[in-house]
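This report concerns only the one structure given below.
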Amino acid sequence: MSRTTFTYTPLRSDGRTIRCLSILQSSNFSSTIRINLKEIDLDKDPLPHALSYVWGDPTDTVPIEVTADDSLDSGEFHLLHVTRNCEQALQELRYLSEPRSLWVDAICINQRDLPERGQQVAMMAEIYGKVPGIFAWLGSGSPSPAADVNMDSELRMAIGFLIDVAAQFPGDDFQSFRKAVIWKWSGRWATVIAGMKRIFTHPWWERLWVYQEIVLCREARILLGHGFSIPWGTLVSASEVLIRVAKSPMLWAERPGYLDVESEGDFNLWKSLQSVDFLLPAHRAADRTVVHRGLNFEVPPGLLNQEELVEIEGLLCRGELEALQTRMKVTQSLKCFDPRDRVFALLGSVTAMSKMGIVPDYTKTYHEVYWDFAKVMASFTLEFLCSAGIDLVGTSNNPSWVPDWHLLHLDKTLPKAFSGIYNALGFPDKVSAGLPDIQLQDDGRALCVKGYLIDAVDQILGKPFDSGSEGRQEVFKAFPVDYSDTKQERTKFREERIRNLVRTCTANVDRTGHSLSEETVTTWIKGGFLMIDAYSDKEDEQEDEDEDEDYGDDEDCGSPSSEQLLYDDDDDFGFGGFVEGMTGFKHASKAASEGRKFLQTREGRMALGPGGAVVGDVICVVLHCSMPLVLRQDPGREGVYQLVGACYVHGVMYGEAGRELSDPVDILVG
2 MSRTTFTYTP LRSDGRTIRC LSILQSSNFS STIRINLKEI DLDKDPLPHA LSYVWGDPTD
62 TVPIEVTADD SLDSGEFHLL HVTRNCEQAL QELRYLSEPR SLWVDAICIN QRDLPERGQQ
122 VAMMAEIYGK VPGIFAWLGS GSPSPAADVN MDSELRMAIG FLIDVAAQFP GDDFQSFRKA
182 VIWKWSGRWA TVIAGMKRIF THPWWERLWV YQEIVLCREA RILLGHGFSI PWGTLVSASE
242 VLIRVAKSPM LWAERPGYLD VESEGDFNLW KSLQSVDFLL PAHRAADRTV VHRGLNFEVP
302 PGLLNQEELV EIEGLLCRGE LEALQTRMKV TQSLKCFDPR DRVFALLGSV TAMSKMGIVP
362 DYTKTYHEVY WDFAKVMASF TLEFLCSAGI DLVGTSNNPS WVPDWHLLHL DKTLPKAFSG
422 IYNALGFPDK VSAGLPDIQL QDDGRALCVK GYLIDAVDQI LGKPFDSGSE GRQEVFKAFP
482 VDYSDTKQER TKFREERIRN LVRTCTANVD RTGHSLSEET VTTWIKGGFL MIDAYSDKED
542 EQEDEDEDED YGDDEDCGSP SSEQLLYDDD DDFGFGGFVE GMTGFKHASK AASEGRKFLQ
602 TREGRMALGP GGAVVGDVIC VVLHCSMPLV LRQDPGREGV YQLVGACYVH GVMYGEAGRE
662 LSDPVDILVG
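Mapped onto the working numbering, the consecutive letters of the sequence shown carry residue numbers 2 to 671.
Given below as structure tokens:
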């Protein structure tokens with residue numbers, strides 16, 4: 002008998018209801034999936050486990066049989082096409098002798114009903130917070146049950162070994178940990194890597210929705226193949242061992258090639274771990290407590306007036322939005338099929354989204370969603386401007402101040418722009434007190450903010466570390482020359498210049514995301530990666546011949562490098578320090594300078610600006626935005642600027658310029 006296509010019955014409009022499904026039992030693993038779909042009350046009924054999986058190719062579908070709640074006894078089944086990966090997950094979770102209840106977004110939500118889809122997505126945070134747990138399906142793993150037995154053994158051996166190492170060498174006991182890595186792992190790396198490769202190369206780790214699912218759920222379990230299952234916490238413990246090895250510069254020279262940051266083989270565990278490093282600890286109880294912290298608070302009657310209560314609630318909303326921006330930055334490499342989900346998939350972590358007017362609406366284009374979201378954020382915080390600019394709007398017709406979160410080139414935004422380590426104005430009352438004083442003009446296309454025009458772009462110096470020592474030399478020569486009478490004074494000036502260059506090229510952020518310490522800067526310079534010849538041609542002219550005696554007459558000596566000039570007397574700089582100096586600066590500067598230009602301002606400052614910056618662009622600082630911004634006069638509108646992008650300006654990032662500023666002016670950005 003032929004089956005008709007399944008038609009969804011609209012959800013009740015008089016309450017908060019969702020659908021859940023029951024997989025009907027079968028003793029035949031390969032038999033067609035049959036499910037019963039029913040409507041339940043989110044507030045009253047218990048919820049089943051949820052399934053987290055990669056939808057897969059939308060054109061590669063298979064039919065399953067579906068019946069509604071009231072037609073189960075009559076046997077009226079209809080056809081619903083699901084992706085092959087969804088079918089495999091349902092087969093794996095199906096019981097032999099009884100039904101099994103699940104919540105599966107692709108089936109339980111009518112994806113073609115856009116209003117329903119938006120309404121259900123708005124409740125996803127509650128759903129994941131209330132389900133007993135989630136099953137993360139990573140695929141069948143192997144083509145046959147026999148191969149799955151070998152895979153299961155391989156995975157258990159790999160994870161068991163990593164757990165054992167983690168238990169024996171916790172914390173910062175580096176020497177013991179190093180011995181375990183080098184000696185105890187000898188001969189076992191192939192097994193460990195093969196096992197972890199099966200887990201971490203799966204596309205599930207690249208899903209944007211995974212972030213919300215893992216953070217909000219009570220319990221998570223990874224499923225792979227026919228029968229392999231591992232609790233999330235166990236996987237975290239095992240993976241953190243590999244992350245410790247991958248992040249340790251002291252082990253880089255001795256670790257296996259699988260963890261080589263620069264390797265280009267078919268599998269690089271370090272690159273895989275980078276993509277999941279932020280996700281692995283997300284399910285911990287402490288993190289969930291922060292995510293679930295709401296805006297409900299009680300104030301004794303009469304203590305605050307209504308205006309003060311509104312301001313407090315606004316500040317709490319701002320804090321949540323700034324946290325949301327950070328998550329959007331952290332998850333920018335994750336994938337979603339619908340660009341609107343760049344916003345909607347993370348709204349579950351914002352407990353006050355309805356109070357801010359943020360509601361998932363799939364009837365709008367993603368450009369409209371981004372513009373609306375930016376307008377909401379502008380009422381609470383202007384930190385999002387760090388992710389906006391004409392370099393980052395793509396083909397959108399949106400204003401330059403509206404970020405296009407869909408684009409992968411968001412890598413061009415400076416690292417840790419939302420981490421709170423910068424404060425360009427310096428004064429808390431100018432940066433974080435109250436809410437932004439903004440106005441929307443020109444039908445919402447122009448954003449009027451308060452700020453200061455402090456500098457302008459004078460020279461474009463390119464990327465100082467792309468063209469070898471000659472390129473670095475050119476950048477180094479572009480900055481002021483010291484004409485002090487004594488060599489000691491000139492040496493001190495050069496040292497400070499090199500340090501400023503290091504801080505600028507890395508946006509003053511190390512590989513762990515923290516502000517650079519003096520010790521780290523010293524280590525990087527001593528490591529020899531910079532190798533900037535401190536004696537440029539300009540300064541050589543100022544050197545007296547009688548001051549060259551310390552360097553001898555050997556033709557191969559040449560001029561002293563920065564490390565020779567500054568650190569000749571240091572004999573304690575071991576191999577680990579050399580490795581850290583060579584690699585630490587390289588990776589930090591690469592992360593900061595991706596898609597950016599090295600600039601010199603009219604005030605003689607070093608700057609790391611957006612890739613689209615040109616000579617004459619204006620540099621400003623804006624209230625409620627922690628970083629300087631590069632602006633350009635809009636050629637078609639007098640008095641209106643285009644936002645080019647955020648900029649690291651050495652000597653401005655921590656309030657140095659703010660001490661001399663008076664009242665802010667209106668800046669109109671279109």
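Glycine residues also receive a C-beta, built at the ideal position from the N, C-alpha and C atoms.
Excluding its 5 nearest sequence neighbours in each direction, Ser516 has C-beta neighbours in its own chain below 8 Å: Ile422, Asn509, Val510, listed in chain order. Three or more Cβ pairs drawn from the stretch 663 to 670 and the stretch 451 to 460 lie within less than 8 Å of each other, which places the two stretches in contact. Taking 8 Å as the cut-off, the beta carbon of Asp362 is found no closer than this to the beta carbon of Gly585. In the pairwise beta carbon analysis, the stretch 384 to 393 is classified as touching the stretch 633 to 647: at least three pairs are separated by under 8 Å.
If you draw a 10 Å sphere on the C-beta of Gly435, you find fewer than 16 other C-beta atoms in it, and that means exposed. Distance from the Cα of Gln112 is smallest, within the candidate group Ser230, Ile24, Asp165, Arg20, for Arg20.
Pro629 is classed as buried because its beta carbon has at least 16 other beta carbons within 10 Å across all chains shown. Per DSSP, the beta bridge partners of Arg597 are Pro611. Per the C-alpha coordinates, the member of Leu426, Arg597, Thr5, Ala589 positioned closest to Leu624 is Leu426. Here Asp153 is buried: its Cβ has 16 or more other Cβ atoms, across all protein chains shown, within 10 Å. Counting along the chain, Tyr453 sits inside no alpha helix (DSSP H); it lies in the beta strand (DSSP E) bounded by residues 447 to 461.
In the three-state DSSP reduction, Pro116 falls in the helix class (H, G or I). Taken through DSSP and simplified to helix, strand or coil, Arg328 comes out as helix. CA-to-CA, the gap between Gln460 and Leu600 works out to about 6 Å. Under the three-pair Cβ rule at 8 Å, the stretch 80 to 92 counts as touching the stretch 40 to 58.
Considered as a whole, the stretch 347 to 387 harbours 367 to 379 as its complete alpha helix (DSSP H) runs of no fewer than 4 residues, in chain order. In the three-state reduction of the DSSP assignment, Lys45 falls in the coil class. With a beta-carbon spacing of about 6 Å, His79 and Val67 fall inside the 8 Å limit used to define contacts. Here the C-alpha atom of Val344 lies approximately 8 Å from the C-alpha atom of Val370. As DSSP reads the structure, Cys648 sits in no beta bridge. Spanning the alpha carbons of Ile231 and Arg17 requires a straight line of approximately 33 Å. In the DSSP annotation of this structure, the continuous segment of the beta strand (DSSP E) that includes Val67 starts and ends at 62 to 69. Looking at the backbone, the Cα of Leu217 and that of Arg446 are separated by about 36 Å. Shown here for Thr235: same chain residues with a beta carbon closer than 8 Å to its own, the five before and five after excluded, namely Ile160, Ile164 in chain order. Here Pro133 is exposed. Its C-beta has fewer than 16 other C-beta atoms within 10 Å.
Between His50 and Leu139, the C-beta gap is not smaller than 8 Å, which leaves the two residues out of contact. Around the beta carbon of Ser23, 16 or more other beta carbons sit within 10 angstroms, so the residue counts as buried.
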